[in-house]
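J.: Shown below is the structure under consideration.
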Amino acid sequence: MKRAMLMCLALVMALSMLVTGCGGGSGEKKKDDAKASTEKVLRIGTNADFAPFEFQDVDGKNYEGFDMDLIRAVAKEMKYKADIQNINFDGLIPAMESGNLDVIISGMTINDERKQKVNFSDPYYKSGLTIVVKNDNKDIKTFKDLKGKRVAVQIGTTSAKEVKKIEGVEVKELNSSADTFMELKAGGVDAVVNDKPVNDTYIKTTGGKEVRALDELLTSEDYGIAISKKNPEMLKEVNAALKKLHENGEYDKIYKKWFGEQAKK
Ligand code: GLN
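The number in the working numbering is simply the position in the sequence shown, starting from 1, with 10 added.
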């Protein structure tokens, strides 16, 4: 009985040591939490369905792509912690206007309409629009041929805006570029219009078995990082970070990783 009591005591002592140990640990943790809560968080909005600029990895856990690497590098340069949020493309600017995002990076073209609502950083990528058709399509060779045709575009994009200018065109506005390709393959439309690098990446990753892109470039567009008008200081910080990344070779490194070649100067 005495022995049992002694063992019990030893157990209590061991347990209390363990608890004290944990206590020390939780002190550490509190310090970490405090550090985390004082670290500035950059709330970044993107529509992660736009490879090679932004997409989710196979597990759907990480955001990858040229824009994602670039904005992480920008945030690091600005000494912010990057918090990436995935939102529908046409919901990005409204989310910024209602104060829920600090910046948007989403292959977003700088244009006057958007400039009314957000500030844009210096341009960081040159893009433009191309057409994708089924391999067996013979009658669509240029943008003019889209007249009277059914065309899928992503809602709220420059593609949607440009295609609507074509006379007699039937525009189908869908949620993502992935949806536009699906619609084309299903025969719901005759063509798709998207940003050239996104069309090229889609064709490359799917092996070009069913669809192909036309060479003609409809527009020349500059992508910019959108920044909330509520924070004019941040515009300067983002541009300074971009400048630094150009100077220290980081931008070129990221460009090469995603496009396999040197950035065009
Ligand atoms: N560059 C196009 C635009 O800004 C498309 C962007 C996108 O779909 N992510 O409208």
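We put the CB at the ideal spot given by N, CA and C, even for glycine.
When the distance is taken between beta carbons, is K136 closer than 8 angstroms to I103?
T.: Start at 1 with the first residue of the sequence shown, and residue 103 comes out as number 93. Start at 1 with the first residue of the sequence shown, and residue 136 comes out as number 126. No, these two residues do not count as a Cβ contact at 8 angstroms.
J.: Apart from the five residues on each side of it in sequence, which residues of its chain come closer than 8 angstroms, Cβ to Cβ, to D42?
T.: Stepping through the sequence shown from its first residue, residue 42 is reached at position 32. Its pLDDT being 47, under 50, D42 is placed unreliably by the model, and the measurement read from it follows with that caveat. Cβ neighbours of D42 beyond the five flanking positions: none.
J.: What are the residues that DSSP puts in a beta bridge with D205?
T.: As a position in the sequence shown, residue 205 is number 195, starting the count at 1. Per DSSP, L139.
J.: Using a Cβ-Cβ cut-off of 7 angstroms (strictly less than) and excluding sequence neighbours within five positions of G178, which residues of its own chain qualify?
T.: Within the sequence shown, the letter at position 168 stands for residue 178. Once the five neighbours on either side are set aside, the close Cβ partners of G178 are K157, G158.
J.: Would you please state the rounded distance, in angstroms, between the beta carbons of A105 and G55? I believe it to be under 8 angstroms.
T.: Residue 105 sits at position 95 when you count from the first residue of the sequence shown. Residue 55 sits at position 45 when you count from the first residue of the sequence shown. About 6 angstroms separates the two Cβ atoms, so the contact holds.
J.: Is it right to say V51 is buried, meaning 16 or more other beta carbons lie within 10 angstroms of its own, or is it exposed?
T.: As a first step, residue 51 is located in the sequence shown; it is residue number 41 there, counting from the start. Under this definition V51 is an exposed residue.
J.: Quick check: the region 247-266 against the region 183-201, are there 3 or more CB pairs under 8 angstroms?
T.: Contact fails: fewer than three Cβ-Cβ distances are below 8 angstroms.
J.: Do M192 and the ligand GLN come close, with the Cβ less than 7 angstroms from some heavy atom?
T.: Mapped onto the sequence shown, residue 192 falls at position 182. For the ligand GLN, not one heavy atom lies less than 7 angstroms from the Cβ of M192.
J.: Could you please give me the residues that DSSP links to A58 through a beta bridge?
T.: Reading the sequence shown from its first residue, position 48 is the one you call residue 58. None; A58 has no bridge partner.
J.: For A236, which three-state DSSP category applies?
T.: Here the question's residue 236 lines up with position 226 in the sequence shown. A236: strand per DSSP, three-state reduction.
J.: Assign P242 to one of two classes, buried (16 or more other C-beta atoms within 10 Å of its C-beta) or exposed (fewer than that).
T.: In the sequence shown, counting from the first residue as 1, residue 242 sits at position 232. P242 is exposed by the Cβ-count criterion.
J.: Could you have a look at F65 and say whether DSSP puts it in helix, strand or coil?
T.: Translated into positions along the sequence shown, residue 65 becomes position 55. Of the three classes helix, strand and coil, the one that applies to F65 here is strand, per DSSP.
J.: Counting C-beta neighbours from all protein chains within 10 Å, is the total for Q272 16 or more, i.e. buried, or is it exposed?
T.: Position 262 of the sequence shown, counting from 1, holds the residue named residue 272. Q272 should be labelled exposed.
J.: For the alpha helix (DSSP H) that V128 lies in, which residues bound it at each end?
T.: Taking the sequence shown and counting its residues from 1, the one referred to as residue 128 is at position 118. From DSSP, V128 is part of no alpha helix (DSSP H); its letter is neither H nor E.
J.: Any heavy atom of the ligand GLN closer than 7 angstroms to the CB of T152?
T.: What you label residue 152 is simply residue 142 of the sequence shown in a count that begins at 1. It does not: the Cβ of T152 is nowhere closer than 7 angstroms to a heavy atom of the ligand GLN.
J.: Going by beta carbon distance, what residues of the same chain come within less than 8 angstroms of C32, once the five residues before and after it are set aside?
T.: Position 22 of the sequence shown, counting from 1, holds the residue named residue 32. At C32, the pLDDT of 40 sits below 50, so the modelled position is not reliable; the number obtained from the coordinates is stated separately. The beta carbon of C32 is closer than 8 angstroms to none in its chain, skipping five residues each way along the sequence.
J.: DSSP state of E38, grouped into three classes?
T.: Here the question's residue 38 lines up with position 28 in the sequence shown. Confidence at E38 is low in this model, with a pLDDT of 43, below 50, so the placement of that residue should be treated as unreliable; the coordinate-derived value is given next. Helix at E38.
J.: Nearest-angstrom Cα distance between D132 and G234?
T.: As a position in the sequence shown, residue 132 is number 122, starting the count at 1. As a position in the sequence shown, residue 234 is number 224, starting the count at 1. Using only the alpha carbons, I get a separation of about 6 angstroms.
J.: Which residue from K148, L252, K91 puts its Cα closest to that of A223?
T.: Taking the sequence shown and counting its residues from 1, one reaches residue 223 at position 213. Closest in alpha carbon position to A223, among K148, L252, K91, is K148.
J.: Any heavy atom of the ligand GLN inside 7 angstroms of the beta-carbon of D100?
T.: Position 90 of the sequence shown holds residue 100. Not so, every heavy atom of the ligand GLN lies at least 7 angstroms from the Cβ.
J.: Using the C-alpha atoms, what's the distance from V68 back to V173?
T.: Reading the sequence shown from its first residue, position 163 is the one you call residue 173. Reading the sequence shown from its first residue, position 58 is the one you call residue 68. If you take the alpha carbons of V173 and V68, they lie about 32 angstroms apart.
J.: Consult DSSP for E271 and reduce its assignment to one of helix, strand or coil.
T.: Within the sequence shown, the letter at position 261 stands for residue 271. DSSP places E271 in coil when its eight states are reduced to three.
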